[in-house]
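Input: a single structure, listed below in C-alpha coordinates.
Numbering (the numbering used here), first residue to last: 2 to 228.
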(Lines of atoms letter the chains of each structure in order from A and count residues from 1; the text may use other names and numbers.)
(Lines give C-alpha, C1' and ligand atoms only; values in the text may rest on other atoms or scores of the structure.)
Protein backbone atom coordinates (compact mmCIF):
# COMPACT_ATOMS: atom_id res chain seq x y z
CA UNK A 1 0.00 0.00 0.00
CA UNK A 2 2.82 2.40 0.83
CA UNK A 3 6.20 3.53 -0.42
CA UNK A 4 9.34 5.20 0.91
CA UNK A 5 9.92 8.88 0.21
CA UNK A 6 12.71 11.25 1.26
CA UNK A 7 12.07 13.95 3.84
CA UNK A 8 14.41 16.74 4.86
CA UNK A 9 14.81 18.15 8.35
CA UNK A 10 15.39 21.81 9.19
CA UNK A 11 19.17 21.23 9.41
CA UNK A 12 19.19 19.83 5.86
CA UNK A 13 19.48 16.18 6.88
CA UNK A 14 17.65 13.88 4.46
CA UNK A 15 16.06 10.65 5.67
CA UNK A 16 13.49 8.12 4.43
CA UNK A 17 9.92 7.79 5.61
CA UNK A 18 7.37 5.14 4.74
CA UNK A 19 4.15 6.75 3.51
CA UNK A 20 0.82 4.96 3.16
CA UNK A 21 -2.00 6.85 1.43
CA UNK A 22 -5.70 6.30 2.08
CA UNK A 23 -8.27 5.74 -0.63
CA UNK A 24 -10.02 9.02 -1.36
CA UNK A 25 -9.67 12.25 0.59
CA UNK A 26 -7.74 11.80 3.88
CA UNK A 27 -9.50 12.47 7.18
CA UNK A 28 -6.19 13.82 8.44
CA UNK A 29 -2.73 12.37 9.01
CA UNK A 30 -0.94 10.15 11.51
CA UNK A 31 2.83 10.08 12.05
CA UNK A 32 3.80 6.55 13.15
CA UNK A 33 6.97 6.40 15.26
CA UNK A 34 8.97 3.16 15.20
CA UNK A 35 10.20 0.98 18.04
CA UNK A 36 13.91 0.15 18.34
CA UNK A 37 13.67 -2.25 15.40
CA UNK A 38 13.49 0.26 12.55
CA UNK A 39 10.69 0.89 10.07
CA UNK A 40 10.24 -2.85 9.74
CA UNK A 41 7.36 -4.89 8.34
CA UNK A 42 5.33 -4.43 11.53
CA UNK A 43 5.63 -0.64 11.58
CA UNK A 44 4.80 -0.53 7.87
CA UNK A 45 1.71 -2.65 8.54
CA UNK A 46 0.69 -0.27 11.33
CA UNK A 47 1.00 2.64 8.89
CA UNK A 48 -0.99 0.69 6.30
CA UNK A 49 -3.66 0.14 8.93
CA UNK A 50 -4.06 3.85 9.61
CA UNK A 51 -4.21 4.49 5.85
CA UNK A 52 -6.97 1.86 5.58
CA UNK A 53 -8.84 3.84 8.24
CA UNK A 54 -8.65 6.98 6.12
CA UNK A 55 -5.49 8.73 7.31
CA UNK A 56 -2.32 9.65 5.48
CA UNK A 57 0.28 7.68 7.47
CA UNK A 58 3.94 8.68 7.66
CA UNK A 59 6.56 6.51 9.42
CA UNK A 60 9.95 8.30 9.54
CA UNK A 61 13.19 6.33 9.91
CA UNK A 62 14.31 7.69 13.28
CA UNK A 63 17.59 5.71 13.30
CA UNK A 64 18.82 7.22 10.04
CA UNK A 65 21.10 9.78 11.69
CA UNK A 66 23.16 6.99 13.24
CA UNK A 67 22.55 4.04 10.88
CA UNK A 68 20.77 3.67 7.57
CA UNK A 69 18.32 1.01 6.37
CA UNK A 70 17.61 -0.53 9.75
CA UNK A 71 15.04 -3.31 9.64
CA UNK A 72 15.18 -5.88 12.41
CA UNK A 73 13.17 -8.65 13.99
CA UNK A 74 12.69 -9.38 17.68
CA UNK A 75 15.47 -11.75 18.72
CA UNK A 76 17.65 -11.03 21.74
CA UNK A 77 20.41 -9.93 19.35
CA UNK A 78 18.01 -7.57 17.61
CA UNK A 79 16.98 -6.15 20.98
CA UNK A 80 20.60 -5.43 21.92
CA UNK A 81 21.38 -3.88 18.53
CA UNK A 82 18.22 -1.77 18.60
CA UNK A 83 18.89 -0.57 22.13
CA UNK A 84 22.42 0.47 21.12
CA UNK A 85 21.06 2.43 18.15
CA UNK A 86 18.45 4.09 20.36
CA UNK A 87 21.18 5.17 22.81
CA UNK A 88 23.22 6.56 19.91
CA UNK A 89 20.25 8.64 18.72
CA UNK A 90 19.51 9.80 22.27
CA UNK A 91 23.14 10.97 22.54
CA UNK A 92 22.85 13.27 19.50
CA UNK A 93 23.08 17.00 20.22
CA UNK A 94 19.67 18.63 20.60
CA UNK A 95 17.28 18.77 18.83
CA UNK A 96 18.56 15.48 17.37
CA UNK A 97 15.84 13.24 15.96
CA UNK A 98 13.03 15.58 17.06
CA UNK A 99 13.68 17.71 13.97
CA UNK A 100 13.10 14.61 11.82
CA UNK A 101 9.75 14.07 13.52
CA UNK A 102 8.95 17.75 12.92
CA UNK A 103 9.70 17.28 9.22
CA UNK A 104 7.35 14.27 9.17
CA UNK A 105 4.60 16.30 10.87
CA UNK A 106 5.10 19.17 8.41
CA UNK A 107 4.86 16.79 5.45
CA UNK A 108 1.79 15.05 6.88
CA UNK A 109 -0.01 18.37 7.39
CA UNK A 110 -0.92 18.47 3.69
CA UNK A 111 -3.64 15.94 4.59
CA UNK A 112 -5.16 18.06 7.37
CA UNK A 113 -4.81 17.83 11.14
CA UNK A 114 -1.91 15.65 12.30
CA UNK A 115 -1.76 13.11 15.10
CA UNK A 116 1.26 11.12 16.23
CA UNK A 117 1.42 7.56 17.57
CA UNK A 118 4.51 5.69 18.72
CA UNK A 119 5.47 2.39 20.28
CA UNK A 120 8.16 1.59 22.88
CA UNK A 121 10.97 4.11 22.17
CA UNK A 122 8.58 5.64 19.65
CA UNK A 123 6.12 6.10 22.52
CA UNK A 124 8.72 8.12 24.39
CA UNK A 125 9.41 10.22 21.29
CA UNK A 126 5.66 10.71 20.87
CA UNK A 127 5.39 12.03 24.43
CA UNK A 128 8.28 14.41 23.77
CA UNK A 129 6.67 15.46 20.48
CA UNK A 130 3.45 16.34 22.32
CA UNK A 131 5.35 18.91 24.38
CA UNK A 132 7.85 20.24 21.85
CA UNK A 133 6.69 19.99 18.22
CA UNK A 134 4.45 22.35 16.29
CA UNK A 135 1.53 21.38 14.07
CA UNK A 136 0.23 18.44 16.10
CA UNK A 137 -3.41 18.00 17.15
CA UNK A 138 -3.12 14.80 19.25
CA UNK A 139 -0.58 12.27 20.52
CA UNK A 140 -0.86 8.58 21.46
CA UNK A 141 2.17 6.91 23.07
CA UNK A 142 2.06 3.14 23.51
CA UNK A 143 4.18 1.85 26.44
CA UNK A 144 6.68 4.67 26.04
CA UNK A 145 9.90 3.37 27.55
CA UNK A 146 11.24 6.02 29.92
CA UNK A 147 8.27 8.39 29.72
CA UNK A 148 7.32 7.72 33.35
CA UNK A 149 10.73 8.79 34.68
CA UNK A 150 10.77 12.09 36.62
CA UNK A 151 12.63 13.90 33.82
CA UNK A 152 9.97 12.97 31.25
CA UNK A 153 7.01 13.39 33.61
CA UNK A 154 8.12 17.02 34.01
CA UNK A 155 7.18 17.72 30.37
CA UNK A 156 3.92 19.53 29.68
CA UNK A 157 2.02 18.38 26.58
CA UNK A 158 0.61 21.07 24.29
CA UNK A 159 -1.95 18.74 22.70
CA UNK A 160 -4.40 16.08 23.95
CA UNK A 161 -2.62 12.83 24.87
CA UNK A 162 -3.91 9.25 25.17
CA UNK A 163 -1.40 6.83 26.73
CA UNK A 164 -1.49 3.01 26.68
CA UNK A 165 0.44 0.84 29.18
CA UNK A 166 0.59 -2.83 30.15
CA UNK A 167 0.40 -3.86 33.81
CA UNK A 168 2.87 -6.72 33.23
CA UNK A 169 5.48 -4.49 31.58
CA UNK A 170 8.80 -5.18 33.32
CA UNK A 171 10.32 -2.09 31.64
CA UNK A 172 7.67 0.30 32.97
CA UNK A 173 6.62 -0.39 36.59
CA UNK A 174 2.92 0.06 37.35
CA UNK A 175 3.81 2.41 40.21
CA UNK A 176 5.57 4.76 37.79
CA UNK A 177 2.51 4.77 35.52
CA UNK A 178 0.32 5.66 38.49
CA UNK A 179 2.68 8.50 39.41
CA UNK A 180 2.60 9.71 35.79
CA UNK A 181 -1.20 9.62 35.80
CA UNK A 182 -1.33 11.61 39.04
CA UNK A 183 1.07 14.22 37.65
CA UNK A 184 -0.88 14.51 34.40
CA UNK A 185 -4.64 14.37 35.07
CA UNK A 186 -5.16 15.90 31.61
CA UNK A 187 -3.72 12.76 29.95
CA UNK A 188 -6.08 9.84 29.30
CA UNK A 189 -4.23 6.76 30.61
CA UNK A 190 -5.33 3.19 29.93
CA UNK A 191 -3.77 0.12 31.53
CA UNK A 192 -4.09 -3.33 29.98
CA UNK A 193 -3.52 -6.86 31.30
CA UNK A 194 -0.51 -7.16 28.99
CA UNK A 195 3.26 -7.00 28.68
CA UNK A 196 5.52 -4.54 26.90
CA UNK A 197 5.02 -4.66 23.13
CA UNK A 198 1.46 -5.99 23.37
CA UNK A 199 0.46 -4.26 20.12
CA UNK A 200 3.04 -6.05 17.95
CA UNK A 201 1.69 -9.26 16.39
CA UNK A 202 5.24 -10.35 15.53
CA UNK A 203 6.36 -10.51 19.16
CA UNK A 204 5.79 -13.11 21.82
CA UNK A 205 4.30 -10.40 24.04
CA UNK A 206 1.48 -9.74 21.56
CA UNK A 207 -1.93 -9.61 23.25
CA UNK A 208 -4.68 -9.55 20.64
CA UNK A 209 -7.48 -8.36 22.92
CA UNK A 210 -5.45 -5.51 24.42
CA UNK A 211 -4.15 -4.49 20.98
CA UNK A 212 -7.68 -4.43 19.58
CA UNK A 213 -9.15 -2.37 22.42
CA UNK A 214 -6.20 0.06 22.39
CA UNK A 215 -6.55 0.54 18.65
CA UNK A 216 -10.29 1.21 18.92
CA UNK A 217 -9.61 3.81 21.60
CA UNK A 218 -6.81 5.35 19.53
CA UNK A 219 -9.00 5.60 16.42
CA UNK A 220 -11.80 7.20 18.45
CA UNK A 221 -9.28 9.66 19.93
CA UNK A 222 -7.94 10.56 16.49
CA UNK A 223 -11.44 10.87 15.08
CA UNK A 224 -12.26 13.35 17.87
CA UNK A 225 -9.14 15.46 17.42
CA UNK A 226 -8.22 15.01 13.74
CA UNK A 227 -11.51 14.27 12.03
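Just so you know, even glycine gets a beta-carbon here, dropped at the ideal spot from N, CA and C.
When 179, 46 and 71 are compared, the shortest CA-CA separation from residue 168 is found for 179.
According to the DSSP assignment, residue 163 belongs to the beta strand (DSSP E) that extends over 163-167. Residue 13 sits exposed, since fewer than 16 C-beta atoms from the chains shown fall within 10 Å of its C-beta. When rounded, the separation of the alpha-carbon atoms in residue 66 and residue 94 is 11 Å.
By the neighbour-count criterion, in which 16 or more other beta carbons inside 10 Å mark a residue as buried, residue 174 falls on the exposed side.
By the Cβ test, the segment 98-118 is not in contact with the segment 75-85, since fewer than three Cβ pairs between them sit closer than 8 Å. Here DSSP, grouped into helix, strand and coil, assigns residue 4 to strand.
DSSP, read as helix, strand or coil, puts residue 115 in strand. At a Cβ-Cβ threshold of 9 Å, residue 59 and residue 130 do not count as neighbours.
Beta-bridge annotation (DSSP): residue 9 is paired with 15.
The straight-line gap separating the alpha-carbon atoms of residue 107 and residue 114 is approximately 10 Å.
Taking the C-beta atoms as reference points, residue 186 is found no nearer than 9 Å to residue 165. Here residue 205 is not bridged, per DSSP, to any residue.
Where residue 29 is concerned, the enclosing beta strand (DSSP E) starts and stops at 29-34.
Every beta strand (DSSP E) stretch that sits fully inside the segment 172-207 and reaches 3 residues is listed by chain position as 189-193.
Residue range 56-61 is occupied by the beta strand (DSSP E) that includes residue 57, with no alpha helix (DSSP H) assigned at that position.
Sorting 201, 215 and 7 by C-alpha distance to the C-alpha of residue 102 places 7 at the top.
Rounded to whole angstroms, the gap between the alpha carbons of residue 160 and residue 126 is 14 Å. The beta-carbon separation of residue 63 and residue 90, rounded to 7 Å, stays under the 8 Å limit for a contact.
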